[in-house]
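All remarks here apply to the structure that follows.
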Amino acid sequence: MLDRQVAPPVQPLASVTLPAADVFSLPNGARLHVMRNDAQPVVRLQVVVPAGKWYESAPGVSLLTARMLLEGTHTRTARQIADEVAFYGASLECEQSFDRATLTLYCLTRHLPRLLPLVQDVLTNPTFPTTELELLKNRTIQNVRVERQKTSYLAAERFSHNLYGATHPYGSTFNEQLFAAVPQEALQAFHRHNYALGKAEVFLCGDVASADETLVSELLGTAQNATVPSSAQASLSLASHPAQDYVTVTESIQSSLRIGRQWPALTHPDTHKLQLLVKVLGGYFGSRLMKNIREDKGFTYGIYSSIGPREHATSFVIGTDVNADSADAAIREIHHELRILQNERIPAEELQTVKNYMTGKFANELSTVFEQCDKYKNIVFLNLPANYYTNFIEQVNQLTADELLTLAQQYLSPADMIEVVAGPKK
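This is the structure:
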């Protein structure tokens, strides 16, 4: 008889191999990455261009350009674009990040040939109509005003500003006046230079047929735009910002904490070990920070530690929201947990639990071809070795408590952290 009071045995995950993508160089210089899986008759097409905040010539240009792509072309209005996408039960959106912009299409495989001309039109022929542009500016400004009433937003904003510096694309903050003044011509120029399809990385995954590859190559591999300019030269300026900073939020009863530092890039030889160390600290529900600050002290509903990799810098951050009266005590407990990791070896049982969690979660994140392609994209854009994910399981399983102790002493000193608190007036 099954005894439900006894947990089933855990089998260690020996290895995981990320499926390989077929890579084709297109006539205009773009690259097409194809990852096939016919489990479901769906495909995802992503066109990724170097058009994120890192490359923008003026504040807000990259965000506005990305969001305006679907607001009309020389042959289609915004309504016609939306109606065509809806008619085929598809999804089409453009997202801008710090480093790149991505146009993403989800659709049934049989509809891809009909939707590809729309994708090409949106990418190459946007008109950036002035009426829609002003509406988008107003909506964005209103949304930011609402967000800036939240301590969590203000703490995260100030933390990035202090970590990277005001002139760094990762650290600059939203300026309402400059954003509102961005002219249509700036978007047109940014699009000409940064949405050059010759510099695009195109990812096609799912139930992909040979005819689909050919059509993508024909429609996206021949269009040429201007050459992409060199990336912005942004320097870090940590020394000019305080190690401890406070953002006053009038009448708030909550405080938000952000504590962290710059972190080694994912190309660092200790990257997998560092990920496990951060997981022990605050990377899952049973982590040390959760047990101390949520379960034992009752200061918060949730607290986390995480690594934020980007193409030009990587950060480590601890974040939580607490009652304002508990903010100082919560910071002391965070420092306490950091020092414990620096001075005491992680017990074998806890270490094994975290290893099992990480490897199991990693395997689960590869359950669909879209998730597999997302991992593959990290290899492409973060310049990771081809065996990065293959080595993950092996390195995590072999990691020892002594190695983690050494890494904690090197990277988790409270004195090396930048701290930001957003809360009521002291």
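Its first residue numbered 1, the sequence shown is counted upward by one per residue in this note's numbering.
Each residue gets a CB set at the ideal place from its N, CA and C atoms; glycine is no exception.
Owing to the predicted nature of the structure, the values given are computational and were not obtained by experimental measurement.
Handout entry: M434, DSSP secondary structure in three states
Key = Residue 434 lies beyond the residue range present for the chain, which begins at 1 and ends at 426; the question has no answer from this structure.
Problem - Backbone secondary structure at Y411 - three-state DSSP - result: Three-state result, Y411: helix.
Exercise for the section: Name the two residues that bound the continuous alpha helix (DSSP H) containing T173. Expected result: For T173, no alpha helix (DSSP H) run applies, since DSSP gives it neither H nor E.
Exercise for the section: Mind reading off the beta-carbon distance from T75 to N125? Whole number of angstroms is fine, and I expect it under 8 angstroms. Expected result: About 7 angstroms; that satisfies the 8 angstroms criterion.
Exercise for the section: Could you have a look at V6 and say whether DSSP puts it in helix, strand or coil? Expected result: Coil.
Handout entry: As assigned by DSSP and simplified to three states, the class of P229
Key = Low per-residue confidence applies at P229: pLDDT is 48, beneath 50, and the placement is therefore not dependable enough to give any value.
Problem - Between the CA atoms of I303 and E333 - distance to the nearest angstrom - result: E333 and I303 have their C-alpha atoms roughly 12 angstroms apart.
Handout entry: Backbone secondary structure at S252 - three-state DSSP
Key = Residue state for S252 is assigned as coil, using DSSP reduced to three classes.
Practice task
Return the chain-ordered list of same chain residues with a C-beta closer than 8 angstroms to the C-beta of Q120, the five sequence neighbours on each side being excluded.
Solution key: Non-local C-beta neighbours of Q120 in its own chain, meaning closer than 8 angstroms and more than five positions away in sequence, comprise L219, L220, A223, ordered along the chain.
Handout entry: Proximity of S315 and Q262 at Cβ, strictly below 8 angstroms
Key = In contact: S315 and Q262 (Cβ atoms closer than 8 angstroms).
Handout entry: Contact check, S57 vs T151, beta carbons under 8 angstroms
Key = Contact flag unset, no.
Exercise for the section: Could you tell me which residues DSSP pairs with E93 in its beta bridges? Expected result: Per DSSP, T104.
Practice task
Quick one: residues in its chain with C-beta nearer than 8 angstroms to the C-beta of Q184, no 5 flanking neighbours on either side, listed in chain order?
Solution key: Setting aside the 5 residues that flank it on each side, Q184 is surrounded in the same chain by F128, T130, L133, each with a C-beta closer than 8 angstroms to its C-beta; the list follows chain order.
Exercise for the section: Name the two residues that bound the continuous beta strand (DSSP E) containing M68. Expected result: Segment 61-68 is the alpha helix (DSSP H) holding M68; no beta strand (DSSP E) there.
Problem - Enclosing beta strand (DSSP E) for V23 [first to last residue] - result: Run containing V23: 22-25, per the beta strand (DSSP E) assignment.
Exercise for the section: Could you tell me how far apart the beta carbons of E201 and H312 are, in whole angstroms, since I believe they sit closer than 8 angstroms? Expected result: Not a contact, Cβ separation roughly 17 angstroms.
Problem - Assigned secondary structure, G206 (DSSP; H/G/I helix, E/B strand, else coil) - result: Strand.
Practice task
Specify the secondary structure class of H74 as computed by DSSP and reduced to three states.
Solution key: Note: H74 maps to coil in three-state DSSP.
Exercise for the section: Return helix, strand or coil for F381, following the three-state DSSP convention. Expected result: DSSP, read as helix, strand or coil, puts F381 in helix.
Exercise for the section: Would you mind stating whether Q96 and A156 have Cβ atoms separated by less than 8 angstroms? Expected result: No; because the gap between Cβ atoms is not below 8 angstroms, this pair is not in contact.
Handout entry: First through last residue of the alpha helix (DSSP H) which encompasses L135
Key = First-last of the alpha helix (DSSP H) with L135: 130-147.
Practice task
Mind reading off the beta-carbon distance from L277 to A408? Whole number of angstroms is fine, and I expect it under 8 angstroms.
Solution key: Rounded, the Cβ-Cβ distance is 6 angstroms, consistent with contact.
Handout entry: The beta strand (DSSP E) enclosing D321, as first and last residue numbers
Key = Unbroken beta strand (DSSP E) run through D321: 314-323.
Problem - Where the alpha helix (DSSP H) through S152 begins and ends - result: DSSP places S152 in the uninterrupted alpha helix (DSSP H) bounded by 151-164.
Practice task
Over the uninterrupted alpha helix (DSSP H) stretch that includes Q40, give me the two end residues.
Solution key: That residue, Q40, is in no alpha helix (DSSP H); it is neither H nor E in DSSP.
Practice task
Determine the DSSP secondary structure at D270, reduced to helix, strand or coil.
Solution key: D270 falls in the coil class under three-state DSSP.
Exercise for the section: Ignore the nearest five residues each way along the sequence and tell me which others in Q244's own chain have a CB closer than 7 angstroms to its CB. Expected result: Correct list, in chain order: E419.
Exercise for the section: Pair every Cβ in the segment 362-369 with every Cβ in the segment 397-412, then say whether three or more of these pairs are closer than 8 angstroms. Expected result: Proximity of the segment 362-369 to the segment 397-412 falls short of the contact definition, fewer than three beta-carbon pairs being nearer than 8 angstroms.
Practice task
Say whether the segment 53-68 touches the segment 105-115, bearing in mind that this needs 3 or more beta-carbon pairs closer than 8 angstroms, one atom from each stretch.
Solution key: With the cut-off at 8 angstroms, the segment 53-68 and the segment 105-115 do not touch.
Handout entry: Alpha-carbon to alpha-carbon, F381 and P309
Key = Taking C-alpha positions only, P309 is separated from F381 by approximately 11 angstroms.
Handout entry: Straight-line Cα distance separating L341 from V247
Key = The straight-line gap from Cα to Cα measures roughly 29 angstroms.
Problem - Burial state of T271, where buried means 16 or more other Cβ atoms lie within 10 Å - result: With 16 or more Cβ atoms within 10 Å of its Cβ, T271 is classed as buried.
Practice task
Give the secondary structure of P309 by DSSP, where H, G and I count as helix, E and B as strand, and everything else as coil.
Solution key: In this structure, P309 counts as strand in the three-state DSSP scheme.
Practice task
Would you please state the rounded distance, in angstroms, between the beta carbons of C205 and V369? I believe it to be under 8 angstroms.
Solution key: That belief holds up - the Cβ atoms of C205 and V369 are roughly 5 angstroms apart, short of 8 angstroms.
Handout entry: Short Cβ contact (8 angstroms threshold) for N397 with K355
Key = Contact: yes.
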